[in-house]
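The sequence shown runs 8 to 199 under the numbering used here.
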Amino acid sequence: MTLFTSLLTDVRACTLCAEHLPHGIRPVLQIDPEARVLIAGQAPGRKVHKSGVPFDDASGERLREWMGVTREVFYDAKQIAILPMGFCFPGTGKSGDLPPRRECAPAWRDQLLAQLPRLEVTLVLGQYAQAYHMQGKRSLTDTVRDWRSYSPDLIPLPHPSPRNNIWLSRNPWFETELLPVLRQRVADALES
Ligand code: SF4
Numbered sequence: 008m009t010l011f012t013s014l015l016t017d018v019r020a021c022t023l024c025a026e027h028l029p030h031g032i033r034p035v036l037q038i039d040p041e042a043r044v045l046i047a048g049q050a051p052g053r054k055v056h057k058s059g060v061p062f063d064d065a066s067g068e069r070l071r072e073w074m075g076v077t078r079e080v081f082y083d084a085k086q087i088a089i090l091p092m093g094f095c096f097p098g099t100g101k102s103g104d105l106p107p108r109r110e111c112a113p114a115w116r117d118q119l120l121a122q123l124p125r126l127e128v129t130l131v132l133g134q135y136a137q138a139y140h141m142q143g144k145r146s147l148t149d150t151v152r153d154w155r156s157y158s159p160d161l162i163p164l165p166h167p168s169p170r171n172n173i174w175l176s177r178n179p180w181f182e183t184e185l186l187p188v189l190r191q192r193v194a195d196a197l198e199s
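Below, the structure is given as structure tokens:
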């Protein structure tokens, strides 16, 4: 067994924060050492928890459109890795899904990222992933607006959830300026 397969087996058997997961353990991630694009997300929602397929929801539809990739490419682990900040569905609170479990990233993230030697670009979705990958202390809007300063390795994005429709309509530069660059960067990375 390689280091990669043994690590993945350990992640899939993880029970570290089981007592805090009201719907049970089900790590949802996609990774292969060949991947050139990484999607650093938040945590699975209820629908993804049931299907076990990352971004198998309205957020995923929008994200694929932003990236300009088909479902076939999106779900090819040899092209695209998907690592949320918390691998299991954390449950819901008063105002939507709870934050990703804080135990998850310290336990697994650096080890998994070390298994992606061909990575060309990381799409950093939402405030939790931005805090980790960009040591971000700024607001999501400020971080995404300043996307050029993270180029070319990182691209900060809002979460593609329909809950962010108001943010998208208030920030039209995102669609006109950033999305064309995102699509080109993803296409270039996948061709490399
Ligand atoms: S969320 Fe992460 S740390 Fe918690 S049980 Fe799932 S894989 Fe383990």
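Even for Gly, the Cβ is constructed at its ideal location relative to N, Cα and C.
Check: Buried or exposed by the 16-neighbour rule on C-beta atoms within 10 Å, applied to Leu10; Outcome: exposed
Check: Among Arg69, Gln37, Gly31 and Ile46, the one whose alpha carbon lies nearest that of Lys57; Outcome: Gly31
Check: Whole-number beta carbon distance between Pro97 and Ala136, since they are thought to touch under 8 angstroms; Outcome: Not quite, the Cβ-Cβ distance comes to about 14 angstroms (not below 8 angstroms), so this is no contact.
Check: DSSP state of Val80 mapped onto helix, strand, coil; Outcome: helix
Check: Enclosing beta strand (DSSP E) for Ile162 [first to last residue]; Outcome: Leu161 to Leu164
Check: Meets three-Cβ-pair contact criterion under 8 angstroms: the stretch 144-158 and the stretch 173-185; Outcome: yes
Check: Cβ pair Lys85, Ala42 closer than 8 angstroms; Outcome: yes
Check: Any non-hydrogen atom of the ligand SF4 closer than 7 angstroms to Ile241 Cβ; Outcome: The first residue shown for the chain is 8 and the last is 199, placing residue 241 beyond what the model contains.
Check: Arg33 beta carbon less than 8 angstroms from that of Gly59; Outcome: yes
Check: Rounded C-alpha distance that separates Val18 from Pro179; Outcome: 39 angstroms
Check: Any non-hydrogen atom of the ligand SF4 closer than 7 angstroms to Gly100 Cβ; Outcome: no
Check: Distance CB(Leu90)-CB(Ala47) smaller than 8 angstroms; Outcome: yes
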